[in-house]
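Chains as they are written, first to last, in full-length UniProt numbering: chain A, 1 to 132; chain B, 1 to 132; chain C, 1 to 132; chain D, 1 to 132. See structure below.
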């Protein structure tokens, strides 16, 4: 099972609405089950450096089928996954990446959001992921 | 002057309509005046390898403010720009990348399209670029 | 639809048998529908530099859903896809990469083989791809 | 002395059996004495992001001829090898990489495993490394 472009565009639409509702400007990326980019938008005025971060968050969430922030808790100094960020051409392991599931609870892709605090990034990603 | 997300989304919409009209499945990327990605879509069933090519075509068109195919004519063996593709993390210099201008004829971004023959790629990119 | 590890291992077994039958030593890689590595073997004494080439051939075949040699015919100087090899972190466009299909003729992955002449590489890849 | 493909395949078989026995889905990589990939498998449903990690663990174990977890103890903030992960195109220094020795106690390669907790990753790598 793989996310369709129509589903990805719906997720981006929902994420943009949430971003606007909380007065933020976001980069929003959607990857498919193979961790390859399906859709992306950068809202006007959003941080330029967040472009790559949004894409890496989406990939990281699909690479390990979990929210990116969970990995970040384990990759701290002394943690069991310390410096895992050096793999896969660079991971981003703070919040803002969330897997996307279909009605059968199968992971079909992931969303990554970057442009504000990690709390806001996660809230916008969650809004996108749950819009399906 | 810089392309807005709304303009980029309109260009993608026009490009998708053209792609569907000529029965192709395309990857479509829009970059801004700084050659940074603004929006991207991969149509269902489009070649996976065209993801990177569409983005590189858009960047190449903005890097040099001309259609990508023009650069490709100069980058042939013996040509004045032989193997320019080695620069900028990899250029794509065959047709499918087109600058996007505003009403004052200023370049505000570029579109890159990949997924079919280079003639089709260029036609879809042109449809997107002229939609503004 | 995605290739399973059992299918990938069968394809590698068939490819190894063909490689031995024609007295060659090969690197053999299988990627899934998302172009991510599923299985790989390097036969004893096979060229070390063919390791990366076999993986790139498999990816290239899945990226564009065709035999790699077809792309190489179009990427020559003056060809419509000249220097496409600069995309996707490096393509290999000479023969030896072949898509793998299931019984419904859907592409579920690809095989890449490197270690001898391109004719031999292709013959071994074909043996693997058709073993399913 | 260098690991043979037959030995690598035996190590992978033993590692897969252990992975199944403890109900995990693993990426398993074997490198030779030159730290170059010999064999790899990704079990169905294993994390996609663990593909690169398994290979990097195997390389790291052979690069320094020790279990990866030992290096990770020294690469912490303030440690003598702080951020050694930046070398060699990216190291992975948490458990799951183990050198492979022959009967004369000579190192002939290494195994890297990723897909579960680091304790499980190490247990599966150990099962593969000691199977020879």
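The beta carbon of each residue, even a glycine, is placed where N, CA and C say it ideally should be. These figures come from a predicted structure and were not determined experimentally.
Leaving aside the five residues that flank residue 117 (chain C) on each side, none in its chain has a CB nearer than 7 Å to its CB.
Residue 1 (chain C) is classed as exposed because its beta carbon has fewer than 16 other beta carbons within 10 Å across all chains shown. Think of a sphere of 7 Å around the beta carbon of residue 44 (chain B): the chain A residues whose beta carbon falls inside it are 4 and 5, in chain order. Residue contact check for residue 102 (chain C) against chain A: no CB pair falls below 8 Å. Listed in chain order, the positions of the segment 25-45 of chain A with a beta carbon within less than 9 Å of a beta carbon of chain C are 32, 33, 34, 35 and 36.
If you draw a 10 Å sphere on the C-beta of residue 22 (chain D), you find fewer than 16 other C-beta atoms in it, and that means exposed.
Three or more Cβ pairs closer than 8 Å define a contact, and the segment 55-63 of chain A falls short of that threshold against the segment 24-34 of chain B. With a cutoff of 8 Å on beta-carbon distance, residue 82 (chain A) and residue 76 (chain D) are scored as near each other.
One thing to note: residue 15 (chain B) has its Cβ within 8 Å of the Cβ of residue 128 (chain B). Under the Cβ criterion of 8 Å, residue 91 (chain B) is not counted among the residues facing chain A. Residue 126 (chain D) has a beta carbon lying at 8 Å or more from every beta carbon in chain A. Residue 127 (chain D) sits in a helix when the DSSP states are folded into three classes.
Around residue 25 (chain B), the same chain offers 43, 45, 46 and 115 as residues with beta carbons nearer than 6 Å, after the five sequence neighbours per side are excluded. The DSSP-derived three-state label of residue 29 (chain C) is strand.
Contacts between residue 56 (chain B) and chain C, judged by CB atoms closer than 7 Å, involve 87 in chain order. For residue 64 (chain D), the three-state secondary structure derived from DSSP is helix.
Going by DSSP, residue 37 (chain C) is part of the beta strand (DSSP E) stretching over 37-42.
Between residue 72 (chain D) and the set D:97, D:52, D:50 and D:48, the nearest pair of CA atoms involves D:97.
With respect to the C-alpha of residue 90 (chain D), the residue from A:20, A:84 and A:67 having the closest C-alpha is A:84.
Each residue's CA atom was taken as its position, placing residue 125 (chain A) and residue 29 (chain A) some 9 Å apart. In the three-state DSSP reduction, residue 114 (chain C) falls in the strand class (E or B). According to the DSSP assignment, residue 100 (chain D) belongs to the beta strand (DSSP E) that extends over 97-101. Under DSSP, the beta-bridge partners assigned to residue 107 (chain D) are D:101. In the DSSP assignment, residue 85 (chain C) falls outside any alpha helix (DSSP H) and carries neither an H nor an E.
Here residue 86 (chain D) is exposed, its C-beta having fewer than 16 other C-beta atoms within 10 Å.
Listed along chain B are 34 and 36, each with a C-beta nearer than 8 Å to that of residue 48 (chain A). Close to residue 78 (chain A), with beta-carbon spacing below 8 Å, are these residues of chain D in chain order: 76. In the DSSP assignment, residue 5 (chain B) falls within the unbroken alpha helix (DSSP H) covering 5-21.
One Cα belongs to residue 61 (chain B), the other to residue 68 (chain B), and the distance between them is close to 5 Å. Assigned with DSSP and collapsed to three states, residue 132 (chain D) falls in coil, not helix or strand.
Residue-level contact by beta carbon holds for residue 72 (chain D) and chain A, with a gap shorter than 8 Å. Contacts with chain C at 8 Å (Cβ-Cβ) do not include residue 132 (chain D). Taking the C-beta atoms as reference points, residue 63 (chain B) is found no nearer than 8 Å to residue 102 (chain B). Taking each of D:8, D:78, D:39 and D:93 in turn and checking the Cα distance to residue 53 (chain D), the smallest one comes out for D:93.
Chain C places a beta carbon closer than 8 Å to that of residue 118 (chain B), counting this residue as a contact.
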